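Chains as they are written, first to last, in my numbering: chain A, 974 to 1096; chain B, 974 to 1096. Idealized CB from N, CA, C, for every residue including glycine. Note that the structure is predicted; figures quoted are calculated from it, not measured.
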């Protein structure tokens, strides 16, 4: 494969709104995701909005994991962007789907950093 | 439109490798991008890798702007993820294309957070 990275765009629909508004719970879930994926945290930023909603980003040696939540829509947008092993990114995605209790998750896979003459692979 | 957010996935090919390895320059460029877009920074994390490469993320009230660079490939992956005005995201993208001197940029537009029965709009 001639791509540098795999980017999972994860739509977490029909989640628990309570879980989506809990900054500490979200931070714990993202850190646990890095352990499941076997990746290394190099930085982080988390913010809770008023009256609701959380943004959290973990910068990892392999790129980033981020989440933006809209508790009022029972929705979270999650990105898992990693160099190398796409399989572990899928494990991370499945963990977060479970943690936020999403009943209607959707995952789009996009290859980033294409070398010349290579092709996009979408699963 | 029934989407919550617009996510620009920007492939910056054929960039200046020197610019892509300059953490302070990248941070300055991302902060300037937020001014051009009229968005509000709520958090940040930047990291320079050894022997080369930079990861930088600005969490914004409207979601996030991030960059991962591979100076050895003259390549950077940039994401601009914003609620609301997609037009200003395009202005931010054009600014970063110019700042990193990318001679072969590509932008993919993905609508995130679709409401039921709405459709994906790709520009």
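Starting from residue i, follow its DSSP beta bridges and name the residues at the other end.
i              : result
residue 1037/B : 1032/B, 1054/B
residue 1081/A : 982/A
residue 1049/A : 985/A, 1042/A
residue 1018/A : 1030/A
Can you tell me the Cβ-Cβ gap for residue i and residue j, rounded? I've got them flagged as a contact below 8 Å.
i              : j              : result
residue 1077/B : residue 987/B  : 4 Å
residue 1017/B : residue 1032/B : 7 Å
residue 1073/A : residue 1003/A : Not really, about 11 Å apart at Cβ, beyond 8 Å.
residue 1019/B : residue 1029/B : 4 Å
Considering only C-alpha positions, which residue in the set the options is nearest to residue i?
i              : options                        : result
residue 1052/B : 1045/B, 1046/B, 1062/B, 1043/B : 1062/B
residue 985/B  : 1046/B, 1015/B, 1020/B         : 1046/B
residue 1048/B : 1015/B, 1065/B, 1001/B, 1079/B : 1079/B
residue 990/B  : 1042/B, 1065/B, 1050/B         : 1042/B
residue 1050/A : 1075/A, 1015/A, 1057/A         : 1075/A
What do you reckon, are the CB atoms on residue i and residue j nearer than 8 Å?
i              : j              : result
residue 999/A  : residue 1027/A : yes
residue 925/A  : residue 1044/A : Outside the displayed span of chain A (974 to 1096) sits residue 925/A, for which this structure offers no information.
residue 1012/B : residue 976/B  : no
Below 7 Å, is the gap between the Cβ of residue i and the nearest heavy atom of the ligand PLP?
i              : result
residue 1046/A : In the structure shown, the ligand PLP is absent, as is every other ligand, since no ligand is present at all.
* Mind the definition here: the segment 1029-1044 of chain B touches the segment 996-1008 of chain B only if three or more C-beta pairs lie below 8 Å; say whether that holds. => Enough Cβ pairs lie closer than 8 Å, so yes.
* Asked: Would you call the segment 1078-1086 of chain B and the segment 977-992 of chain B in contact, with 3 or more CB pairs under 8 Å?
  -> Flag = yes, the segment 1078-1086 of chain B and the segment 977-992 of chain B touch.
* Asked: If you measure beta-carbon to beta-carbon, which residues of the segment 1023-1038 of chain A are closer than 9 Å to chain E?
  -> Among the chains of the structure shown, chain E does not appear; the protein chains present are A and B.
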